[in-house]
Amino acid sequence: MNGAESLVRTLLACGIETCFANPGTSEMHFVAALDKIEGIRCILGMAETVVTGCADGYARMAGKPAATLLHCGPGLANGLANMHNARRAHSPMVNIVGDHATFHRPFDAPLTADTEGLARAVSHWVRTSSSSATVGADGAAAAQAARTAPGRIATLILPADVSWNEGGAVAQPLPFSAYGKVAPESVRAIAQALQTGEPAVLILSGRALSEAGLTAANRIAHACGATLRASNPVARMARGRGRPPVNRVPYVVDGAVRMLAGTKHLILVGAKPPTAFFAYPGKPSLTAPPDAAVYVLAEPHQDEVDALEQLADALGAPRTAPILEDEAEPQPGRGKFTPEAFAGTLAAYLPGNCIVVEDAVTSGRPLFAPTYNAAPHDWLQITGGAIGHGFPCATGAAFACRDRKVVCLEADGAGMFSLQALWTQAREGLDVVNVVFANRSYRILRGELLAVGAKPGPASNELFDLSRPELDWVKLAGGMGVEAKRVETLEGFADVFKAACARRGPFLIEFRI
Ligand SMILES: Cc1ncc(C[n+]2csc(CCOP(=O)(O)OP(=O)(O)O)c2C)c(N)n1
């Protein structure tokens, strides 16, 4: 058995059954091993940012890593932005990066690069395999690192001769540390703080945003009057009718400061203290009041759901179903696009049990709060601010959950970073309804320019305008095998969206706004 085959067999033994890939010459023996060994599905992404974004979406929904197959330092570099988003989401991922044969490296052939250096920038674990005899064990160590709570990025660099040399040995899966339980004493101390009745806010992230986590948090809020907030961004959140509606801390600094004003006790549940996305002259970096006492109920690698349940019990909260206020029926909007009106339409027609993936910048931000009353769904958001995440993440999520509809909300500027994912959706027949908000502008940057105290001028106009030439999303999607329609009104959107959701397979709606 050669090294590549031992690696593929090891990955399979470690429960990795999916490989998003964009291979090259140095990966040919790995590809040949994929040919030979049944049980691992490989999916081609026609840009590495698609490959890594797919692996992120897959991991968020499957709760386990996919492998990626990337080509040398430059291929890895192309995938870094969505690896960065995945790292921020605590998505487990095992990257296999093919590289030059060990003996070829000193000759500095064109693709020679600092592959390890590039990998380290976004990986928690990096190793270069040194021999076909040990590459199986390296694969098991990579899978172990990726699955270590709360989910990590592991990158294994695979020189071509390590792949092709004989002497490979399949390794057994290694144990990985699951989510640890929090100590009852620290829960008691937080319960005491909450029992003072002083204004308290719980910031929820990770599994605290699962249905079980939100149910426990809802018990806490009703027992002591604490306010619940989701961290911003959220990697995955259970939402929709019957689930506790929890708003995010706003993106805009002033809004976040206003929301958190008066907080005396800030309880972090798998979350960091709320931090502004960017610094702005004269504005704070941390948005909670500086005199608020900060408590960590659970770190991201701890079991947030158990911690919330312990806290709810310590507060004597009854074990009930979530106590919810009456929700208004969603009202479809009419006429031209506004985010508020669109939110009504989306909430009204969102298919039950769907997965929403949001990378829609100024059109997406205002959709979160007004869509709580939609049918139950999971909401996945870009987590690391590296735009171009939506199409690939939706593609990977759809691959992980073949029986669920995925609705991808994508801004036009962001979408252009990784639109090749549409081709993968078409090829795999994935059930994704993509909605592109075509405002033909980097609209957010117009606001950011003013927010940092700079003045608009011809250069900023040139850099933020996408109207020359206009992107034609119906043609772009069509060219990649995805049927598409353009709409200009909310009524038009509702008709096309309902029809797209009623059928299977990928579809794209260009909403001209
Ligand atoms: C990888 C990456 N490159 C560049 C940026 C900087 N950036 C932030 S928002 C933005 C433009 C967003 O425009 P669009 O996606 O069309 O959304 P809109 O603001 O129009 O709603 C850019 C270029 C980024 N966040 N990530």
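In my numbering, the protein residues as written are 1079 to 1591. Backbone N, C-alpha and C fix where the C-beta goes; we use that ideal spot for every residue, glycine too.
Next on the checklist: Let me confirm a value: Gly1291 is counted as buried when at least 16 other C-beta atoms fall within 10 Å, else exposed. Which label applies?
Outcome noted: In the sequence shown, the residue the question calls residue 1291 occupies position 213. Buried, by the Cβ-count rule.
Next on the checklist: As a quick exercise: from Tyr1358, Ala1572, Lys1350, Val1530, pick the residue whose alpha carbon is nearest that of Gln1409.
Outcome noted: To locate residue 1409, count along the sequence shown from 1; it is residue 331. Per the Cα distances, Ala1572.
Next on the checklist: Just to confirm the assignment, what range does the beta strand (DSSP E) spanning Arg1307 have?
Outcome noted: Looking up residue 1307 in the sequence shown gives position 229. Taken as a continuous stretch (DSSP letters only), the beta strand (DSSP E) holding Arg1307 covers 1305 to 1308.
Checklist entry - Do Val1128 and ligand 1 come close, with the Cβ less than 7 Å from some heavy atom? => result As a working mapping, residue 1128 is identified with position 50 in the sequence shown. Checking every heavy atom of ligand 1 against the Cβ of Val1128, none is found closer than 7 Å.
Next on the checklist: Please state whether the Cβ-Cβ distance between Asn1310 and Arg1336 is less than 8 Å.
Outcome noted: The residue labelled residue 1310 in the question sits at position 232 within the sequence shown. The residue labelled residue 1336 in the question sits at position 258 within the sequence shown. The answer is no: Cβ separation not under 8 Å.
Checklist entry - Would you say Thr1440 touches ligand 1, meaning its beta carbon is less than 7 Å from a heavy atom? => result On the sequence shown, residue 1440 is found 362 positions in, with the first residue counted as 1. Yes.
Checklist entry - Which whole runs of the beta strand (DSSP E) in the segment 1251 to 1297 are 3 residues long or more, in chain order? => result 1278 to 1282
Checklist entry - Going by other Cβ atoms of all chains shown within 10 Å of its Cβ, with 16 needed for buried, is Leu1428 buried or exposed? => result Residue mapping note: residue 1428 aligns to position 350 of the sequence shown, counting from 1. Burial call: buried.
Next on the checklist: Among the candidates Gly1570, Glu1561, Glu1588, whose CA atom is the shortest distance from the CA of Arg1581?
Outcome noted: The residue you call residue 1581 lines up with position 503 of the sequence shown. Closest by alpha carbon: Glu1561.
Next on the checklist: My assumption, with CB atoms under 8 Å, is that Glu1488 sits in contact with Asn1512. Please give the rounded CB distance.
Outcome noted: On the sequence shown, residue 1488 is found 410 positions in, with the first residue counted as 1. On the sequence shown, residue 1512 is found 434 positions in, with the first residue counted as 1. Confirmed, Cβ separation roughly 6 Å.
Checklist entry - Any idea if Thr1127 is buried or exposed, counting beta-carbon neighbours within 10 angstroms, 16 or more meaning buried? => result The count along the sequence shown starts at 1 and reaches residue 1127 at position 49. Flag for Thr1127 reads buried.
Item to check | Closer than 7 Å: Asp1490 CB and nearest ligand 1 heavy atom | outcome: Sequence index remark: in the sequence shown, residue 1490 carries index 412 (1-based). Yes, the beta carbon of Asp1490 sits closer than 7 Å to at least one heavy atom of ligand 1.
Checklist entry - Are the CB atoms of Leu1338 and Ala1366 nearer to each other than 8 Å? => result Numbered from its first residue, the sequence shown carries residue 1338 at position 260. Numbered from its first residue, the sequence shown carries residue 1366 at position 288. Cβ distance < 8 Å, so Leu1338 and Ala1366 count as in contact.
Next on the checklist: Do Gly1151 and Asp1192 have their beta-carbon atoms positioned less than 8 Å apart in this structure?
Outcome noted: Counting from one through the sequence shown, the residue named residue 1192 turns up at place 114. Counting from one through the sequence shown, the residue named residue 1151 turns up at place 73. Taking 8 Å as the Cβ cut-off, Asp1192 and Gly1151 qualify as a contacting pair.
Next on the checklist: Which residue wins for smallest C-alpha separation from Arg1524, given the options Gly1535, Val1514, Phe1515?
Outcome noted: The residue you call residue 1524 lines up with position 446 of the sequence shown. When only C-alpha atoms are compared, the closest one is Gly1535.
Item to check | Alpha carbon of Ile1591 to alpha carbon of Arg1564, nearest angstrom | outcome: Walking along the sequence shown from the start, residue 1591 turns up at place 513. Walking along the sequence shown from the start, residue 1564 turns up at place 486. Looking at the two C-alpha atoms, the distance is approximately 11 Å.
Item to check | Any non-hydrogen atom of ligand 1 within 7 Å of Arg1521 CB | outcome: Translated into positions along the sequence shown, residue 1521 becomes position 443. For ligand 1, at least one heavy atom lies less than 7 Å from the Cβ of Arg1521.
Checklist entry - Is DSSP giving Asp1456 helix, strand or coil here? => result What you label residue 1456 is simply residue 378 of the sequence shown in a count that begins at 1. Three-state result, Asp1456: strand.
Checklist entry - For Cys1479, which three-state DSSP category applies? => result If you number the sequence shown from 1, residue 1479 lands on position 401. It is coil, neither helix nor strand.
Checklist entry - Should Ala1110 be listed as close to ligand 1, given that the test is whether its C-beta is under 7 Å from any heavy atom? => result Your numbering for residue 1110 matches position 32 in the sequence shown. Not under cutoff, so the answer is no.
Checklist entry - Residues bridged to Gln1380 by DSSP? => result The sequence position of residue 1380 within the sequence shown is 302, counting from 1. According to DSSP, Gln1380 bridges with Gly1258.
Checklist entry - Which of helix, strand or coil does DSSP assign to Cys1092? => result Stepping through the sequence shown from its first residue, residue 1092 is reached at position 14. Residue state, collapsed to three classes: coil.
Checklist entry - How about Gly1463: is its Cβ closer than 7 Å to a heavy atom in ligand 1? => result Numbered from its first residue, the sequence shown carries residue 1463 at position 385. Yes, Cβ of Gly1463 sits closer than 7 Å to a heavy atom of ligand 1.
Next on the checklist: For Glu1244, report the span of its alpha helix (DSSP H) as first-last.
Outcome noted: As a first step, residue 1244 is located in the sequence shown; it is residue number 166 there, counting from the start. Per DSSP, Glu1244 belongs to no alpha helix (DSSP H) and is neither H nor E.
Next on the checklist: Taking a contact to mean a Cβ-Cβ separation below 8 Å, would you say Leu1424 touches Phe1469 in this structure?
Outcome noted: Taking the sequence shown and counting its residues from 1, the one referred to as residue 1424 is at position 346. Taking the sequence shown and counting its residues from 1, the one referred to as residue 1469 is at position 391. No, Cβ-Cβ distance for Leu1424 and Phe1469 is not below 8 Å.
Next on the checklist: Going by beta-carbon coordinates alone, are His1168 and Pro1237 separated by less than 8 Å?
Outcome noted: Counted from its first residue, the sequence shown places residue 1168 at position 90. Counted from its first residue, the sequence shown places residue 1237 at position 159. No; because the gap between Cβ atoms is not below 8 Å, this pair is not in contact.
Checklist entry - Is it right to say Val1372 is buried, meaning 16 or more other beta carbons lie within 10 angstroms of its own, or is it exposed? => result Residue mapping note: residue 1372 aligns to position 294 of the sequence shown, counting from 1. By the neighbour-count rule (16 or more Cβ atoms within 10 Å), Val1372 is not buried but exposed.
Checklist entry - Quick one, which of Ala1453, Glu1405, Ala1215, Asp1490 has its alpha-carbon nearest Phe1542's? => result Here residue 1542 refers to the residue found at position 464 of the sequence shown. Minimum Cα distance to Phe1542 is reached at Asp1490.
Next on the checklist: Which residue marks the beginning of the beta strand (DSSP E) containing Phe1515, and which one marks its end?
Outcome noted: Your numbering for residue 1515 matches position 437 in the sequence shown. 1510 to 1516 is the span of the beta strand (DSSP E), which, as asked, contains Phe1515.
Next on the checklist: What does the Cβ neighbour count give for Val1265, buried or exposed, with the cut at 16 atoms within 10 Å?
Outcome noted: Sequence index remark: in the sequence shown, residue 1265 carries index 187 (1-based). Per the 10 Å Cβ criterion, buried.
Next on the checklist: For Pro1362 and Ala1354, which I take to be in contact (beta-carbon distance under 8 Å), what is that distance rounded to the nearest angstrom?
Outcome noted: Position 284 of the sequence shown holds residue 1362. Position 276 of the sequence shown holds residue 1354. Indeed, because the Cβ distance is near 7 Å, the residues count as touching under 8 Å.
Next on the checklist: Taking the alpha carbon of Met1504 as the reference point, which residue from Pro1584, Cys1579, Leu1554, Val1574 has its own alpha carbon closest?
Outcome noted: Locating residue 1504 in the sequence shown gives position 426, where the first residue counts as 1. In the sequence as displayed, the identity of residue 1504 is Ala instead of Met. Of the listed residues, the one whose Cα sits closest to Ala1504 is Pro1584.
Item to check | Beta-carbon gap between Ala1475 and Gly1135 smaller than 8 Å | outcome: Numbered from its first residue, the sequence shown carries residue 1475 at position 397. Numbered from its first residue, the sequence shown carries residue 1135 at position 57. Cβ distance < 8 Å, so Ala1475 and Gly1135 count as in contact.
Checklist entry - Name the DSSP bridge partner or partners of Gly1102? => result Residue numbering aside, residue 1102 sits at position 24 when the sequence shown is read from its first letter. Partner(s): none; Gly1102 has no beta bridge.
Checklist entry - How is Pro1400 classed by DSSP in three states: helix, strand or coil? => result Looking up residue 1400 in the sequence shown gives position 322. It is coil, neither helix nor strand.
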